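J.: Attaching a single structure in structure tokens format; questions to follow.
Number of protein chains: 4
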Amino acid sequence: MKIGIVGATGYGGAELLRILHTHPYAEDCILYSSSEDGLPYWESFPHVNKIIDKTLQPIDVEKMAEEVDFVFLATPPGVSSELTPQFAERQVPVVDLSGDLRMKEPTVYEKWYKRKAAPQQIISEAVYGLSELNAKAIKDASCIANPGCFPTAAILGLAPLVKNRAIKEPSVIIDAKTGVSGAGRKASSATHFSETNENFKIYSVHEHKHTPEIEQMLSSLNPSFERVTFTSHLVPMTRGIMATIYADLAGNYNSSQLHELYKEFYQDSYFVRIRDIGNYPSTKEVYGSNYCDIAVAADERTGRVTIVSVIDNLVKGAAGQAVQNFNLMNGWPEETGLLFSPIYP
Amino acid sequence: MKIGIVGATGYGGAELLRILHTHPYAEDCILYSSSEDGLPYWESFPHVNKIIDKTLQPIDVEKMAEEVDFVFLATPPGVSSELTPQFAERQVPVVDLSGDLRMKEPTVYEKWYKRKAAPQQIISEAVYGLSELNAKAIKDASCIANPGCFPTAAILGLAPLVKNRAIKEPSVIIDAKTGVSGAGRKASSATHFSETNENFKIYSVHEHKHTPEIEQMLSSLNPSFERVTFTSHLVPMTRGIMATIYADLAGNYNSSQLHELYKEFYQDSYFVRIRDIGNYPSTKEVYGSNYCDIAVAADERTGRVTIVSVIDNLVKGAAGQAVQNFNLMNGWPEETGLLFSPIYP
Amino acid sequence: MKIGIVGATGYGGAELLRILHTHPYAEDCILYSSSEDGLPYWESFPHVNKIIDKTLQPIDVEKMAEEVDFVFLATPPGVSSELTPQFAERQVPVVDLSGDLRMKEPTVYEKWYKRKAAPQQIISEAVYGLSELNAKAIKDASCIANPGCFPTAAILGLAPLVKNRAIKEPSVIIDAKTGVSGAGRKASSATHFSETNENFKIYSVHEHKHTPEIEQMLSSLNPSFERVTFTSHLVPMTRGIMATIYADLAGNYNSSQLHELYKEFYQDSYFVRIRDIGNYPSTKEVYGSNYCDIAVAADERTGRVTIVSVIDNLVKGAAGQAVQNFNLMNGWPEETGLLFSPIYP
Amino acid sequence: MKIGIVGATGYGGAELLRILHTHPYAEDCILYSSSEDGLPYWESFPHVNKIIDKTLQPIDVEKMAEEVDFVFLATPPGVSSELTPQFAERQVPVVDLSGDLRMKEPTVYEKWYKRKAAPQQIISEAVYGLSELNAKAIKDASCIANPGCFPTAAILGLAPLVKNRAIKEPSVIIDAKTGVSGAGRKASSATHFSETNENFKIYSVHEHKHTPEIEQMLSSLNPSFERVTFTSHLVPMTRGIMATIYADLAGNYNSSQLHELYKEFYQDSYFVRIRDIGNYPSTKEVYGSNYCDIAVAADERTGRVTIVSVIDNLVKGAAGQAVQNFNLMNGWPEETGLLFSPIYP
């Protein structure tokens, strides 16, 4: 299968390429970039010198539709709103890693993203690509809105409780922490080494664009679910997300019962690993891999539950998830090409 | 004034020495260590070569009571339970940086610390040394239980709301993050560089010893206050604590009103800096200093408040706070010898 | 093929397992540990939870010789001196990742390592496993002394010049820098996070055990080669080695000529990437991969050459090199199972 | 004394302010910035909120000459070439932290800096401000060219050997490593966190602007001294420089003799600490302080000497050195206001 990657010079694009490089069904990847077309790819990313011998191509939908069988869009906000309908028209299946197609309500999108929503038709067609919860729809889809990194960690952490109505509404608080690669490749004072190293920051308090995405997906699991408080922090590390999630329990659950509930909920999910009781995951334990590790603990003293969910933001939170969707859309096992182990230490 | 530092080879001791080195009333410091007596201090800490020319002395309370006018204890758990009563007997004022004397209820101490509590008399005499809230009692005290690092950030962050009954009970969740120096100087696999770097960990879920310390102090501000959910995380950095705190508001407060309430509450507190609305502190902005920076924001969408409170765990969370108490006990302005600026970047 | 890994709970062992997990000819891995036998492997390394479902086995050469077709020893100093002869006796091929069998002169070993050398016979049988320079001997060997991490970077960086007598003797200075994982998994004050982070250290000045290994291999390329000055530094990062190498040029070489010489020397070496003139590699550009990236530059002003050579110390500097040797010994292409790209960022 | 700081929004300016904030003779600091005038200083650097309550002033030499008694220039390349002559005309003493006035030969400056040299007269007047070697001239100067960060570490490390003709010429190789703050405050892809963290880079091979500065100063100590090979590396940390220096010994020196020579050479230098034989400094041991720690070791096997020299690039390598010169120019002890200890860990 011939694959096109648009936006290959960003971190999401580079990670897609790392994964597809050893994917058994990725015959060839063609790389597209609006800003650096004509440049040999390894000049932008010297780590793939001698590995990826490609020149960046300009974006020309007509030509792409002839060249490739499948497209990944790893593009800045607003680009896929324009490109996706054109690929749809030409029957080229797409996984879009941006946030453009995730919100079903244009008004919600416009309120949180502060930009114009994508055309209604493409929004309607796009399937939210959180494979563990939406596999059936993904298999039939030709346009996937790949989930955001924080929503992936948060929704997978909360789904068993929300689906089973085990927590009170509204009580969910998500305290999320991310490595700096989540901010992308563009240099800025917020991600300048000397200002970020040996520093721990909080940002987007009460205003993070991923908030409505979490709420939309969780309320699809349980219509009475409404709102979360979501906060994001920047950790002086490159990769990794931890979501620490708090909620009031709706009954007298102890940690064992919650643990059982999670084990059962995810029994067929290849990439979710439920940790033993009292054993909490750290971000490095999923580094470079497509796993999401989750621990759950009841606090009988306060009647609350604490859930810990970790992913690699560039893999399960972006490119790995995208390939998992690519697999499902093509009828292959979801783990195809994603069997590599975390890299540790 | 002649000062004794017991446990000078730990990080708390070293930081005390750094601060007292330029304190105008610290005439001389004598350094004591049970494990390394006889060793020149700079062999343990080469960074003070040519600055601190002292040999570590064995611990002998009788002799110390003659040599020094004031004692700081920066010792492992259980040591001050034994030493403090002996100093009290000899009228030597003490600031104890350990957790031994913080809990007023021996049963609570024993439940959370899993060791025998200190003698009742010394517990009763010890004053909890959070200077911003307890200055009056500290001025008259001869034995101070210096606060824990997490409780300092958390209590200062919550006090204005608890005191003013502006939040519902029980709704407080404290998601705390600390640099690795909080784990002390002893090497362990949990603080091994290769396992800690580029990693974000959670630990002591629902079981952290600092939980009852926070509850005790907050319920002294408002007797109806009862319980918090407290979680601690390890950040791949050396210094700094951020406590992100969530609570349900008891009324229709907006961010401006909360900001006013904090400004007023801390108007006379030299070391608390209330950040402007929408401006959140990061840990590096207090690095090496005695400041506690706090931001507060109402989320009208969820009816909750988010509070962000940052300190340097070794300064305001340990040695700087100890010197602030030392100042108050001696009738000097609380900021004496603590005027140095944060070091940035 | 059934493979035994001895010392699987160290970083070298874990990295072997990560690589062999997707190696096409590694049918099964059996894990041995003297200190933790009986323990499920993922309890020691939670990152392979659900991936490696093995229990650590005790070391019993007799039994191992029946169970496995090939052995990797990733053991502390002194262990392979004892184990390797026993495997040799039973015709089990071995790659030894320790330093026990690297030095051909027992007196040299004993002087630098300050411990007893291995038996003469096994030293004689062991082939130095730097695949790029010794492939022929490796193919016929049944016992491989896998190179040290620093020697790998240094020797690959110097070989073209030494072989072509392009530098004066003695003028070689190797200034090497390593990530902290090179110090192994055991916690120590030297690798304690708070003492290592935001710190740059030098160690083993003029005394590093890898010095004679570099000299031995280079003098095998050119008998007139004698001595190097070698210095090692600890970088606050987990993985990666850079060797910055200086030498006086023996003729009027310019950068172009040197670049040509390197391109030619390594034209058939899959894992050596010679960088373009003026383009220098950084350690992250080989992170997690088996590549060695090299740049070379003449300084016409001083008549010297500067060579920069980077590897991932746990891959090309240990486990990846070991698998490359394993491939050669079995007649497979050297890159088998090692095609994964560096992970960046 | 009233002090003007031009370029206060860079790291050098911020560090000057941190130091002068507790300097006994710095009555007041006025802050100037061409790009951010009108802005309250703490908006640019929130860490000095409530500490420095100043608004940035536009640069107007006439007005400054009336307002201040002394000026520090912490400005980008080219600015002091223009400003310094104007201050000289008005008899305002200046310490210039940029590289504009360091090179005595305009052609050398223009070759390495690739820009126009400053006017000859101001170059002639400017005294090179490495206090340990030039104190006498500094005391009489009214215009100081403050040394570069790398030259400070390198020259202090080499001066005793060069002055005593203990090394052969040309044999000096300086392998230097710096924290990222040396690159300044402006965000760039080279200092982007995700590209710099967990990475070790080399840059400016054979082309670093600090090379001729080192050569100029060392040849002033010994006219037969000519050339050095100088290489710079970027360490994933914020502060600190280590220069590892190699040279061929001109005689049969052992480490003891070299150690004596260094002790004697620096016996009156407050801020140079010669480490005991076999005890090597790391960068964190001078973090935040004005010390330069040096170790020296002979390698009898190769006839070479290895010197290790560490500083904090923003203190002894910039702002601290500038204040040391300010002290000397005003007739105060050089250590005035610089007595603070390194901050560790």
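Protein chains in written order, with UniProt numbering: chain Y, 1 to 345; chain G, 1 to 345; chain H, 1 to 345; chain L, 1 to 345.
Each residue gets a CB set at the ideal place from its N, CA and C atoms; glycine is no exception.
Fair warning: this is a prediction, and the values are worked out from it, not measured in the lab.
1) Measure the beta-carbon distance from glycine 7 (chain Y) to threonine 75 (chain Y) and round it to whole angstroms, keeping in mind my assumption that it falls under 8 Å.
2) For aspartate 276 (chain Y), which of helix, strand or coil comes out of DSSP?
3) Please confirm whether alanine 74 (chain Y) has its beta-carbon closer than 9 Å to some beta-carbon of chain G.
4) Give the interface partners of threonine 302 (chain L) over in chain H, defined as CB-CB distance under 7 Å, in chain order.
5) Going by alpha carbons, who is nearest to asparagine 199 (chain G) out of G:Thr229, G:His233, G:His208?
6) Out of Y:Met237, Y:Asp60, Y:Ala135, Y:Ala26, point me to the one whose CA is closest to methionine 1 (chain Y)'s CA.
7) Cα separation between threonine 117 (chain H) and leucine 158 (chain H)?
8) Determine, using beta carbons only, whether proline 342 (chain L) comes closer than 9 Å to chain H.
9) Would you mind sorting threonine 302 (chain H) into buried or exposed? The rule is 16 or more other CB atoms within 10 Å of its CB.
10) Just the C-alpha distance for threonine 211 (chain H) and proline 93 (chain H), rounded to the nearest angstrom, thanks.
11) From the DSSP output, read off the bridge partner residues of aspartate 293 (chain G).
12) Between alanine 153 (chain G) and isoleucine 241 (chain G), which are expected to be in contact by the criterion C-beta below 8 Å, what is the C-beta distance as a whole number of angstroms?
13) Grab the span of the beta strand (DSSP E) containing leucine 261 (chain Y) for me, first residue to last.
14) Please list the segments of the alpha helix (DSSP H) lying wholly inside the stretch 143-226 of chain G, counting only runs of 4 or more residues, in order along the chain.
15) Using the beta-carbon count (16 or more within 10 Å), is glutamine 120 (chain H) buried or exposed?
16) Run down chain H in chain order and give the residues with a C-beta less than 9 Å from the C-beta of serine 35 (chain G).
17) Quick one, which of H:Leu249, H:His206, H:Ser194 has its alpha-carbon nearest proline 170 (chain H)'s?
18) So, is the C-beta of histidine 23 (chain H) closer than 9 Å to a C-beta in chain L?
19) Residues in its own chain within less than 8 Å of glutamate 226 (chain G) by CB, not counting five upstream and five downstream?
20) Would you mind stating whether arginine 18 (chain Y) and tyrosine 344 (chain H) have Cβ atoms separated by less than 9 Å?
21) Between which two residues does the beta strand (DSSP E) carrying aspartate 96 (chain L) extend?
22) Could you check if asparagine 49 (chain H) is buried or exposed, using at least 16 other CB atoms within 10 Å of its CB as the buried criterion?
23) Counting contacts by CB-CB distance shorter than 9 Å, is alanine 187 (chain L) in contact with chain Y?
24) Would you tell me roughly how many angstroms separate the C-alpha atoms of glycine 317 (chain Y) and leucine 221 (chain G), rounded to the nearest one?
25) Cβ of tyrosine 203 (chain G) less than 9 Å from any chain Y Cβ?
26) Along chain B, which residues have their Cβ under 8 Å away from the Cβ of threonine 238 (chain H)?
27) Checking the sheet assignment: what are the DSSP bridge partners for tyrosine 128 (chain Y)?
28) Would you mind reading off the limits of the alpha helix (DSSP H) that contains serine 282 (chain Y)?
29) Go through its chain and collect everything with a Cβ distance to proline 46 (chain G)'s Cβ below 8 Å, but skip five positions before and after it.
30) Considering only C-alpha positions, which residue in the set G:Ala190, G:Glu213, G:Trp332, G:Leu156 is nearest to residue 349 (chain G)?
31) Taking Cβ positions only, does valine 308 (chain H) come closer than 9 Å to chain Y?
32) From what residue to what residue does the beta strand (DSSP E) around alanine 250 (chain G) run?
33) Tell me which residues of the stretch 36-70 of chain L have at least one Cβ-Cβ distance to chain G shorter than 7 Å, keeping chain order.
34) Could you tell me the distance, in whole angstroms, from the CA atom of leucine 20 (chain H) to the CA atom of serine 181 (chain H)?
35) Check each residue of the stretch 280-304 of chain H: if its Cβ is closer than 9 Å to any Cβ of chain Y, include it; give the result in chain order.
36) Quick check on DSSP: helix, strand or coil for phenylalanine 326 (chain H)?
T.: From the atom records:
1) Stepping through the first sequence from its first residue, residue 7 (chain Y) is reached at position 7. Stepping through the first sequence from its first residue, residue 75 (chain Y) is reached at position 75. Contact flag correct, Cβ pair sits at about 4 Å.
2) As a working mapping, residue 276 (chain Y) is identified with position 276 in the first sequence. Here aspartate 276 (chain Y) sits in coil by DSSP.
3) On the first sequence, residue 74 (chain Y) is found 74 positions in, with the first residue counted as 1. Answer no: the Cβ-Cβ gap between alanine 74 (chain Y) and chain G never drops below 9 Å.
4) Working through the fourth sequence from its first residue, we reach residue 302 (chain L) at position 302. Those within 7 Å of threonine 302 (chain L) in chain H are Pro170, Arg227, Thr229.
5) As a working note, residue 199 (chain G) is residue 199 in the second sequence. Of G:Thr229, G:His233, G:His208, the residue nearest in Cα terms is G:His233.
6) Here residue 1 (chain Y) is taken as the residue at index 1 of the first sequence, counted from 1. Checking every option, the nearest Cα to that of methionine 1 (chain Y) belongs to Y:Ala26.
7) For this step, residue 117 (chain H) is matched to residue 117 along the third sequence. For this step, residue 158 (chain H) is matched to residue 158 along the third sequence. The sequence shown places alanine at residue 117 (chain H), not threonine. Each residue's Cα considered, the two are about 27 Å apart.
8) Looking up residue 342 (chain L) in the fourth sequence gives position 342. Not an interface residue.
9) For this step, residue 302 (chain H) is matched to residue 302 along the third sequence. Threonine 302 (chain H) is buried by the Cβ-count criterion.
10) Walking along the third sequence from the start, residue 211 (chain H) turns up at place 211. Walking along the third sequence from the start, residue 93 (chain H) turns up at place 93. Whole-angstrom Cα-Cα distance: 27 Å.
11) Along the second sequence, one-based indexing puts residue 293 (chain G) at 293. According to DSSP, aspartate 293 (chain G) bridges with G:Arg273, G:Val310.
12) The residue you call residue 153 (chain G) lines up with position 153 of the second sequence. The residue you call residue 241 (chain G) lines up with position 241 of the second sequence. So it is a contact: roughly 5 Å between Cβ atoms.
13) Your numbering for residue 261 (chain Y) matches position 261 in the first sequence. From DSSP, leucine 261 (chain Y) is part of no beta strand (DSSP E) but of the alpha helix (DSSP H) over 255-265.
14) 149-163, 193-196, 210-221
15) Here the question's residue 120 (chain H) lines up with position 120 in the third sequence. Looking at its Cβ environment, which holds fewer than 16 other Cβ atoms inside 10 Å, glutamine 120 (chain H) is exposed.
16) Residue mapping note: residue 35 (chain G) aligns to position 35 of the second sequence, counting from 1. Residues of chain H passing the Cβ test: none, with the nearest at roughly 13 Å.
17) Taking the first residue of the third sequence as position 1, residue 170 (chain H) is located at position 170. Measuring from the Cα of proline 170 (chain H), the nearest candidate turns out to be H:Leu249.
18) Along the third sequence, one-based indexing puts residue 23 (chain H) at 23. With 9 Å as the cut-off, histidine 23 (chain H) does not count as an interface residue toward chain L.
19) The residue labelled residue 226 (chain G) in the question sits at position 226 within the second sequence. Result list for glutamate 226 (chain G): Glu169, Pro170, Glu215, Ser219, in chain order.
20) Within the first sequence, the letter at position 18 stands for residue 18 (chain Y). Within the third sequence, the letter at position 344 stands for residue 344 (chain H). Result yes, Cβ atoms of arginine 18 (chain Y) and tyrosine 344 (chain H) sit closer than 9 Å.
21) Numbered from its first residue, the fourth sequence carries residue 96 (chain L) at position 96. Run containing aspartate 96 (chain L): 94-96, per the beta strand (DSSP E) assignment.
22) In the third sequence, residue 49 (chain H) corresponds to position 49, counting from 1. With 16 or more Cβ atoms within 10 Å of its Cβ, asparagine 49 (chain H) is classed as buried.
23) By 1-based counting over the fourth sequence, the position of residue 187 (chain L) is 187. At least one chain Y Cβ lies under 9 Å of alanine 187 (chain L).
24) For the purposes of this step, residue 317 (chain Y) is identified with residue 317 of the first sequence, where counting begins at 1. For the purposes of this step, residue 221 (chain G) is identified with residue 221 of the second sequence, where counting begins at 1. Taking the straight line joining both Cα atoms gives about 43 Å.
25) One-based indexing of the second sequence puts residue 203 (chain G) at position 203. By this cut-off, tyrosine 203 (chain G) is an interface position.
26) Looking for chain B here will not work: the only protein chains present are Y, G, H and L.
27) Numbered from its first residue, the first sequence carries residue 128 (chain Y) at position 128. DSSP, once it has assigned bridges, lists Y:Ala145 as partnering tyrosine 128 (chain Y).
28) Here the question's residue 282 (chain Y) lines up with position 282 in the first sequence. Where serine 282 (chain Y) is concerned, there is no enclosing alpha helix (DSSP H), given that its DSSP letter is neither H nor E.
29) Counting from 1 along the second sequence, the entry for residue 46 (chain G) is found at position 46. Excluding residues within five positions, none has a Cβ falling inside 8 Å.
30) It is not possible to answer for residue 349 (chain G), since the shown part of chain G is limited to 1 through 345.
31) Numbered from its first residue, the third sequence carries residue 308 (chain H) at position 308. Answer no: the Cβ-Cβ gap between valine 308 (chain H) and chain Y never drops below 9 Å.
32) Reading the second sequence from its first residue, position 250 is the one you call residue 250 (chain G). Where alanine 250 (chain G) is concerned, there is no enclosing beta strand (DSSP E), given that its DSSP letter is neither H nor E.
33) Phe45, Pro46, His47, Val48, Asn49, Lys50, Ile51
34) Locating residue 20 (chain H) in the third sequence gives position 20, where the first residue counts as 1. Locating residue 181 (chain H) in the third sequence gives position 181, where the first residue counts as 1. The alpha-carbon atoms of leucine 20 (chain H) and serine 181 (chain H) are separated by roughly 20 Å.
35) Pro281, Ser282, Lys284, Glu285, Val286, Tyr287, Gly288, Ser289, Tyr291, Asp293
36) As a working mapping, residue 326 (chain H) is identified with position 326 in the third sequence. Phenylalanine 326 (chain H): helix per DSSP, three-state reduction.
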